[in-house]
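Okay, structure first, notes after.
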Amino acid sequence: MTSPRTDFRAGVRVALPILLGIVPFGMVAGVAAVNAGIPPVGAVAMSVVIFAGASQLAAAELVGRNAPAVVVVFTVLVINLRMMMYSASIAPYFQRESTRWKGALAYLLTDQAYAVSLLRFENDESVSRRWYYLGVGSALWVTWQLATVVGIALGASVPDGWRLEFAVPLVFLAVLVPAVTDRATGVAALVGGSVGVAATGLPFNLGLITAAVVGIAAGLLAEEVA
Amino acid sequence: MATDYGSVTLWLVILAAGVGTFLIRFSFIGLFGLLDDVPAVVERALRFVPAAVLAALVAPQLVVVDGSVALSPANPRLLAGALAALVAWRTEDVLATLVAGMAGLWLLTFAFG
Chain A
1 MTSPRTDFRA GVRVALPILL GIVPFGMVAG VAAVNAGIPP VGAVAMSVVI FAGASQLAAA
61 ELVGRNAPAV VVVFTVLVIN LRMMMYSASI APYFQRESTR WKGALAYLLT DQAYAVSLLR
121 FENDESVSRR WYYLGVGSAL WVTWQLATVV GIALGASVPD GWRLEFAVPL VFLAVLVPAV
181 TDRATGVAAL VGGSVGVAAT GLPFNLGLIT AAVVGIAAGL LAEEVA
Chain S
1 MATDYGSVTL WLVILAAGVG TFLIRFSFIG LFGLLDDVPA VVERALRFVP AAVLAALVAP
61 QLVVVDGSVA LSPANPRLLA GALAALVAWR TEDVLATLVA GMAGLWLLTF AFG
């Protein structure tokens with residue numbers, strides 16, 4: 001028999017190994033926000049309100065470079081657009097929840113929470129979806145917030161010689177490489193990266209958006225041809 | 001790098017980005033029944049978002065030095081990035097990728113810098 005408590009605990013347990021990877025990522029996000037000149041309260045708020053690592057890093061960087069506010073917001077949304085796919089894919093399992101619950105579950109939706117929960121939902125009819133997912137999601141949430149706070153606390157005291165700002169592209173790289181799963185996604189990455197480099201000089205930091213759009217188009221085209 | 005953002009602008013950015021991100025997450029979970037499936041075209045395009053966007057974020061930071069493209073082995077970020085990419089590919093682990101890339105950068109700047 002499963003109960004909310006055991007399902008919640010099972011969710012927390014399955015999230016544990018993922019937390020190890022979340023900690024350095026969160027710390028980098030905290031350090032990056034502080035280095036960009038964002039005050040600590042703002043940096044914590046970013047983590048709580050947005051709660052999406054890669055987009056937080058991009059936002060910190062763009063704010064640090066004084067990109068227009070609209071560009072910062074737009075960039076965050078473009079980076080997080082992939083979550084619409086997760087939302088659609090997991091929606092049937094949350095169909096019977098109240099709107100309030102759906103809102104809470106949606107807020108906790110991340111790459112990791114989605115991947116782990118969907119795997120369990122597909123293979124196990126008996127688990128309470130709500131509680132299992134809540135276990136996974138809250139473990140990730142708490143760890144992420146704590147790691148960010150540690151990064152914010154460390155931020156100002158990290159010596160320049162450590163070149164910790166290089167950790168930002170490294171984290172992106174760690175997420176990017178597994179996202180390239182076939183030829184078409186490889187083309188999207190190659191074209192996105194090349195246009196990103198070519199467009200670094202564009203005003204208002206529009207290079208990123210341009211590169212994203214061209215990269216996505218190239219991926220679609222490559223898929224078409226294959 | 002220090003921002004000129006005032007606190008009002010900063011809070012507005014955080015709020016708008018947060019609300020927008022929540023709406024993306026909530027979209028299909030919230031509207032299930034009204035909107036059962038992502039339209040096929042949209043789903044196909046979304047598949048390429050992570051690869052294209054992340055590559056566009058990473059590449060300039062590895063390749064562009066002082067505003068110009070530096071594709072030579074003398075660019076430590078490029079080599080350290082290549083090493084990190086290799087580790088990311090073998091391990092799919094954020095921590096291992098970070099350690100490899102940072103260690104690579106430190107060693108290369110120590111050796112040549």
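Top line first, the protein sequences correspond to chains A and S. Using full-length UniProt numbering, you'd call the opening residue of the first sequence number 1 and step up by one each time. Using full-length UniProt numbering, you'd call the opening residue of the second sequence number 1 and step up by one each time. Ideal Cβ placement from N, Cα and C applies to all residues, glycine included.
Separation of the CB atoms of Asp7 (chain A) and Ser128 (chain A) is rounded to 4 angstroms, and the pair is thereby assigned contact status at 8 angstroms.
The beta-carbon separation of Leu190 (chain A) and Leu54 (chain S), rounded to 12 angstroms, does not stay under the 8 angstroms limit for a contact. The Cβ neighbour count for Asp160 (chain A), taken over all protein chains shown within 10 Å, is under 16; the residue is labelled exposed. Remark: C-beta atoms of Ala84 (chain S) and Ala100 (chain S) approach each other more closely than 8 angstroms. Excluding residues up to 5 positions away in sequence, nothing lies with its Cβ nearer than 6 angstroms to the Cβ of Ala111 (chain S) in the same chain. Comparing alpha carbon positions, the residue from A:Leu20, A:Gly215, A:Val116, A:Met27 closest to Ser194 (chain A) is A:Gly215. In this model, Leu170 (chain A) and Ala179 (chain A) are separated by some 14 angstroms (Cα to Cα). In this model, Ser89 (chain A) and Glu223 (chain A) are separated by some 21 angstroms (Cα to Cα).
The beta carbon of Pro76 (chain S) sits closer than 6 angstroms to those of Leu105, Leu108, Thr109, all from its chain and outside the five residues before and after it, given in chain order. Per DSSP, reduced to three states, the secondary structure at Val69 (chain S) is strand. Residues of chain A with a Cβ closer than 8 angstroms to the Cβ of Leu12 (chain S) are, in chain order, Ala69. One thing to note: Phe172 (chain A) has its Cβ within 8 angstroms of the Cβ of Ala54 (chain A). Of all alpha-carbon atoms in A:Thr210, A:Thr200, A:Ala184, the one lying nearest the alpha-carbon of Val225 (chain A) is that of A:Ala184. For Val64 (chain S), DSSP records a beta bridge to S:Val69.
According to the DSSP assignment, Ser87 (chain A) belongs to the alpha helix (DSSP H) that extends over 83-90.
Contact annotation: Leu15 (chain S) and Val49 (chain A) have beta-carbon atoms nearer than 8 angstroms. Non-local beta-carbon contacts of Leu79 (chain S) in its own chain, meaning distances under 7 angstroms to residues more than five positions away in sequence, involve Pro73, Gly104, Leu108 in chain order. With respect to Val12 (chain A), Ala139 (chain A) sits close: the two C-beta atoms are nearer than 8 angstroms. When DSSP states are grouped into helix, strand and coil, Leu109 (chain A) belongs to the coil group. The distance from the Cβ of Thr148 (chain A) to that of Ala29 (chain A) is about 5 angstroms, consistent with a contact at the 8 angstroms cut-off. Interface criterion not met: the Cβ of Glu125 (chain A) is under 8 angstroms from no Cβ in chain S.
Against Leu221 (chain A), chain S offers no close residue; the least beta-carbon distance is about 10 angstroms (beta-carbon pairs closer than 8 angstroms).
Under the Cβ distance rule, Phe121 (chain A) does not count among the residues neighbouring chain S, no pair being separated by less than 8 angstroms. Boundaries of the alpha helix (DSSP H) harbouring Val136 (chain A): 129-155, taken from the DSSP string.
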